[in-house]
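Enquirer:
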Amino acid sequence: MDLDRDLNPEQRQAVLHGDGPLLILAGAGSGKTRAITCRIAHLIRDRGVEPWQILAVTFTNKAAGEMRERIEKLVGNSKGIWALTFHSFGARLLRRHADLLGWGRDFSIYDTDDSKRLGKLVLHELDLDPELHRIERMLAAVERAKRALRGPDKSGLKGAEKSFYAVYQRSLHKANAFDFSDLILQPNRIFEGHPEVLARYQGRFSHVLVDEFQDTDRAQYALLKKLCPPGSNLCVVGDDDQSIYMWRGAEVANILDFTAHYPGCKTVKLERNYRSTGNILDAASSVIARNPVRHDKRLWTDADPGEPVSLFAARDEREEAQQVARAIREADDNGMPLDEIALFYRVNAQSRALEEGLRLFAVPYRVVGGVRFFDRAEIRNLLAYLRLVANPRSDVDLLRILNVPARGLGDRTRERLVELADRHDCSLLDVIRPDRLEGLRKTEHEKALAFGRMFKELVEQAEGLSAAEVVRMTIERTGYGEALRRQGSFEAQGRLENLQELITAAEDFARGTEDETLQSFLEHVALITDIDLAEEGAEAVTLMTLHSAKGLEFDLVFMTGMEDGFLPHRRSLQNEERAHLDDSFVPGPAHGGIEEERRLCYVGMTRARKRLVLSFAESRSIFGRTEENPPSRFLGDVPGLAASAGRAGRGGATVVDLTDFDLDDDDEIFEDDMVVDYSDEYSQVGGRPGPGARPEAWRGRRVDHASFGHGRVIDAQPSPHGPKLTVEFESVGVKTVMANYVRLV
DNA sequence: ACTTCCGTTCTTTTT
DNA sequence: GAACGGAAGT
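Numbering (numbering that gives the first Met the number 0), first residue to last: 0 to 744.
1. Give the secondary structure of V417 by DSSP, where H, G and I count as helix, E and B as strand, and everything else as coil.
2. Pick out the complete alpha helix (DSSP H) segments inside the stretch 512–560, 4 residues or longer, and give them in chain order.
3. For P588, which residues of its own chain have a beta-carbon under 6 angstroms away from its beta-carbon, when the five flanking residues on both sides are left out?
4. Check whether the Cβ atoms of W299 and R271 lie closer than 9 angstroms to each other.
5. Using a Cβ-Cβ cut-off of 7 angstroms (strictly less than) and excluding sequence neighbours within five positions of S77, which residues of its own chain qualify?
6. Given that a residue counts as buried once 16 or more other Cβ atoms are within 10 Å of its Cβ, and exposed if not, what is G685?
7. Can you tell me where the alpha helix (DSSP H) with F190 in it begins and where it stops?
8. Let me confirm a value: D239 is counted as buried when at least 16 other C-beta atoms fall within 10 Å, else exposed. Which label applies?
9. Can you tell me whether DSSP reads G708 as helix, strand or coil?
10. Using a threshold of 9 angstroms, state whether the C-beta atoms of A176 and S107 are closer than that.
11. Any idea which residues DSSP pairs M737 with across the strands?
12. Just to confirm before moving on: does the CB-CB distance between H16 and L99 stay below 9 angstroms?
13. Only counting runs of 4 or more residues, tell me where the alpha helix (DSSP H) segments fall wholly within the stretch 371–452, in order along the chain.
14. Could you pull the DSSP bridge partners for W246 from this structure?
15. Between which residues of its own chain and V403 is the CB-CB distance below 7 angstroms, once the five residues before and five after are set aside?
16. In this structure, how does DSSP classify E9 when only helix, strand and coil are distinguished?
17. Can you check whether the CB of F372 is closer than 9 angstroms to the CB of L517?
18. Measuring alpha carbon to alpha carbon, tell me which residue in R608, D514, F520 is nearest D554.
19. Can you round the beta-carbon distance between G155 and R149 to whole angstroms, since I take them to be within the 8 angstroms contact cut?
20. Give the secondary structure of E49 by DSSP, where H, G and I count as helix, E and B as strand, and everything else as coil.
21. Under 8 angstroms by Cβ, that's how I've got L382 and F450 pegged, so tell me the actual separation to the nearest angstrom.
22. Please classify S114: is it buried, with 16 or more other beta-carbons within 10 angstroms of its beta-carbon, or exposed?
23. Which whole-angstrom value describes the C-beta separation of T625 and S631, a residue pair presumed to lie in contact below a C-beta threshold of 8 angstroms?
24. Starting from F311 and walking both ways along the beta strand (DSSP E), at which residues does that stretch end?
25. Please tell me whether G356 and M543 are closer than 9 angstroms, where the distance is taken between their beta carbons.
26. Please return the same chain residues whose Cβ sits closer than 8 angstroms to the Cβ of S284, not counting the five positions on each side in sequence.
27. Quick one: using the 10 Å Cβ neighbour count with 16 as the cut-off for buried, is H709 buried or exposed?
28. With contact counted as at least three CB pairs below 8 angstroms, one residue from each stretch, are the stretch 44–58 and the stretch 258–269 in contact?
29. Output yes or no for whether 9 angstroms exceeds the beta carbon distance between A696 and F360.
30. Could you tell me whether the stretch 501–511 touches the stretch 424–439, using the rule of 3 or more Cβ pairs below 8 angstroms?
31. According to DSSP, is H132 helix, strand or coil?
32. Around the Cβ of P20, are there at least 16 other Cβ atoms within 10 angstroms (buried) or fewer (exposed)?
33. Using the Cβ count rule (16 or more neighbours within 10 Å means buried), how would you classify K441?
34. Can G237 and L24 be called in contact, C-beta distance under 9 angstroms?
35. Look up C234 in the DSSP assignment and say whether it is helix, strand or coil.
36. Taking the alpha-carbon of E538 as reference, which of E135, V362, I183 has the nearest alpha-carbon?
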């Protein structure tokens, strides 16, 4: 690390800043991650700070891991450093001190799905009509209260919401569980109620650094303020232009408050962009410039203008996908690595059409988020078992797996057990004992006890084993694996494979940690993010939402679905309209409106290093219906975009003159003569794949199939459901399979 | 008790 | 398009 050579003057200021609070306003691509890691390295190497005295809060676990790696590389010593997300930090504090709040240290962490399940039980218990009191709304109210650090008694909530919060929280306690918001709220409680504990951590962490500060919410900031009294060595890095999480409570105002709450704080601005070409930066800047309230900050670069930002129109989402896929093929042929290419979209549902297009052209891809691995039913079932092993009090988990696989313990028996547990005031598992199962019929009685015995054995044998071993054992001892094998269906086969994958996940986890216990694996699973799961290096393009794209960068970026209604999203416009039309409308605390959408657009554009391609579809079929939306109003903010239109792909070029649109007028109808020169070869209307190029792309490719294994494509034919492949498999010979069922390798 | 099928409803972003 | 809930069939 050479501070003089590797850093610009502003970065150097940030890195070398001495004691006291520090605010770094860092524009997109301005090297803030480099500054922050260099600063930590500098503290350890040159200022005698021990790694364990440093707390670095990042936005994702992946970012935390990368930071640790880079520091390790710079100074060869990152052991003991706490680099984690706010939620992981909270979880770690609670693991040590949950007993101070009356929770066991072996608590479970409930994610949104678990909270919903628990919440539904609570609605039932309170005799609240789930139609009238939507569970999502109730939980949102609880979350809001928790973010304001309010307990059930002084929540400010009224009526049903108030009683819901009280019972919900009592149920969490009874189950020895915390929900996501608790991971921030409860550490606040510990620090409030136990000054000696707070003092310990204040003393320990001589230096605290927080990345993506614009996305911290009120409760997180409160925790930070407790940990770091004024005058502390607290360094926060943020960019108000990249605040895209106001909808979940993030408060950009925290940045403003920082200078007030930490008097004497030094402010450093990083305004030089090292990432993107001049054209890309200009385009992004002209979009964000339209936001009225911004910190004074001007991004600049002396990089080449590079290629113009391009824009293309497509008739529908299928054509858009194929245009993109075609352009990727071309970039690939020109030597661009596929993992340097990304496709962004506003909502997860948009990925489907893009995936189909990519498959048509045999472009390998991976999707971040969407239907996540850990959200699949079979995985959640097994995790419920595992969580119950780690924390037998977790009733929602028991209810989930009581009859999985089917063992004759249906709804009626389940209700009885819940009643009994209520009567004995104990957990559901505790009620499954010969002396407590009164009122059950003989067969159910026996079946319940059999389940209890099976589970008890499982717990005993799990003692002292690694997470992966417990996972493997649980699949078998519970009969879940056997039941799936017996089903034998294609679907069941896939589920079994997913369960195997869970064993692998546990093994992978063990490699990266010293603490390979079941409990620590479960905590890891509860707190991982989609981005954390995205494997790197593999030769594949990446598909993700604009939100997931934050903090990443790629050589070539496609921003698809640039339509009013998607970006800006319809919902954000509605909020704005209602606020406008209806005086009594109180916007929720978490509404970024169109300005947040604009920032989202900005974040997406600034991910691109060399080339940025924007696209929109004249009509789009999604959520089972077709809609026509005008091009995104943000496109109109980019000067010269029309002139550069049509560069998405040779032959498939579409020339769009944006001056024909009044992009700020919502009523504008898309008319045919505004878009000219569609290439028929690449348009595909009515599900008939055109001739030629696409099957060609598949021939000779190596693929993996779930049951047939490894093979080579010897022929490909178009079909209504995508390419139909003739594959020569190494083990089973020649077979015909649909492209949907293979993975390119 | 369990499975299957059909109609209904809801679809922004995620720690 | 999917996920959920209810109803009817095994």
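Just so it is clear, CB atoms sit at the ideal spot from N, CA and C, and this is done for glycine as well. Computed from a predicted model, the values in this text were never measured in an experiment.
Expert: Result, derived from the coordinates:
1. Here residue 417 corresponds to residue number 418 of the first sequence, with the count starting at 1. In the structure shown, the three-state DSSP call for V417 is helix.
2. Listed in chain order, they are 517–526, 529–532.
3. Walking along the first sequence from the start, residue 588 turns up at place 589. Bear in mind that the predicted position of P588 carries a pLDDT of just 42, short of 50, making it too unreliable to give a figure here.
4. For the purposes of this step, residue 299 is taken as residue 300 along the first sequence, with counting starting at 1. For the purposes of this step, residue 271 is taken as residue 272 along the first sequence, with counting starting at 1. Yes, the Cβ-Cβ distance between W299 and R271 is below 9 angstroms.
5. Within the first sequence, numbered from 1, the residue matching residue 77 stands at position 78. Closer than 7 angstroms at the Cβ level, and outside the excluded window around S77, lie P50, R67, I70, E71.
6. Position 686 of the first sequence, counting from 1, holds the residue named residue 685. Bear in mind that a pLDDT of 32 at G685, under 50, signals an unreliable position, so the number given afterwards is only what the model happens to contain. Its Cβ having fewer than 16 others within 10 Å, G685 is exposed.
7. For the purposes of this step, residue 190 is taken as residue 191 along the first sequence, with counting starting at 1. Start and end: 181–192.
8. Your numbering for residue 239 matches position 240 in the first sequence. Buried, since its Cβ has 16 or more Cβ neighbours within 10 Å.
9. Residue mapping note: residue 708 aligns to position 709 of the first sequence, counting from 1. Of the three classes helix, strand and coil, the one that applies to G708 here is strand, per DSSP.
10. The count along the first sequence starts at 1 and reaches residue 176 at position 177. The count along the first sequence starts at 1 and reaches residue 107 at position 108. In this structure, S107 lies closer than 9 angstroms to A176 by Cβ.
11. To locate residue 737, count along the first sequence from 1; it is residue 738. Paired residues: K723.
12. Against the first sequence, residue 16 aligns to sequence position 17. Against the first sequence, residue 99 aligns to sequence position 100. With contacts defined as CB atoms closer than 9 angstroms, H16 and L99 fail to qualify as a contacting pair.
13. Qualifying alpha helix (DSSP H) stretches, in chain order: 376–389, 394–400, 410–423, 427–430.
14. As a working mapping, residue 246 is identified with position 247 in the first sequence. Within the DSSP bridge table, the entry for W246 names no partner.
15. Indexing the first sequence from 1 puts residue 403 at position 404. Around V403: N380, Y479.
16. Against the first sequence, residue 9 aligns to sequence position 10. Assignment of E9 by DSSP, reduced to helix, strand and coil, places it in the helix class.
17. Locating residue 517 in the first sequence gives position 518, counting from the first residue. Locating residue 372 in the first sequence gives position 373, counting from the first residue. In this structure, F372 does not lie closer than 9 angstroms to L517 by Cβ.
18. One-based indexing of the first sequence puts residue 554 at position 555. It is R608.
19. For the purposes of this step, residue 155 is identified with residue 156 of the first sequence, where counting begins at 1. For the purposes of this step, residue 149 is identified with residue 150 of the first sequence, where counting begins at 1. By a beta-carbon distance limit of 8 angstroms, G155 contacts R149. Their separation comes to about 6 angstroms.
20. Stepping through the first sequence from its first residue, residue 49 is reached at position 50. Under the three-state reduction of DSSP output, E49 falls in the coil class, being neither helix nor strand.
21. As a position in the first sequence, residue 382 is number 383, starting the count at 1. As a position in the first sequence, residue 450 is number 451, starting the count at 1. Contact flag wrong, Cβ pair sits at about 18 angstroms.
22. Translated into positions along the first sequence, residue 114 becomes position 115. Classification of S114: buried, given that the 10 Å Cβ count is 16 or more.
23. The sequence position of residue 625 within the first sequence is 626, counting from 1. The sequence position of residue 631 within the first sequence is 632, counting from 1. The beta-carbon distance between T625 and S631, rounded to whole angstroms, is 18 angstroms. This is too long to meet the 8 angstroms contact definition.
24. Residue 311 sits at position 312 when you count from the first residue of the first sequence. Per DSSP, F311 belongs to the beta strand (DSSP E) from 309–315.
25. Counting from one through the first sequence, the residue named residue 356 turns up at place 357. Counting from one through the first sequence, the residue named residue 543 turns up at place 544. Going by C-beta atoms, G356 is not nearer than 9 angstroms to M543.
26. Position 285 of the first sequence, counted from the start, is the residue given in the question as residue 284. The residues are L298.
27. If you number the first sequence from 1, residue 709 lands on position 710. So H709 counts as exposed.
28. Here the stretch 44–58 makes no contact with the stretch 258–269; the two share fewer than three CB pairs at distances below 8 angstroms.
29. By one-based count along the first sequence, residue 696 stands at place 697. By one-based count along the first sequence, residue 360 stands at place 361. Yes, they are a contact pair.
30. These segments do not touch.
31. In the first sequence, residue 132 corresponds to position 133, counting from 1. Of the three classes helix, strand and coil, the one that applies to H132 here is coil, per DSSP.
32. Locating residue 20 in the first sequence gives position 21, where the first residue counts as 1. Result: buried.
33. The count along the first sequence starts at 1 and reaches residue 441 at position 442. Exposed is the call here.
34. Mapped onto the first sequence, residue 237 falls at position 238. Mapped onto the first sequence, residue 24 falls at position 25. Closer than 9 angstroms, so yes.
35. As a position in the first sequence, residue 234 is number 235, starting the count at 1. Under the three-state reduction of DSSP output, C234 falls in the strand class.
36. The count along the first sequence starts at 1 and reaches residue 538 at position 539. For E538, the nearest C-alpha among the options comes from V362.
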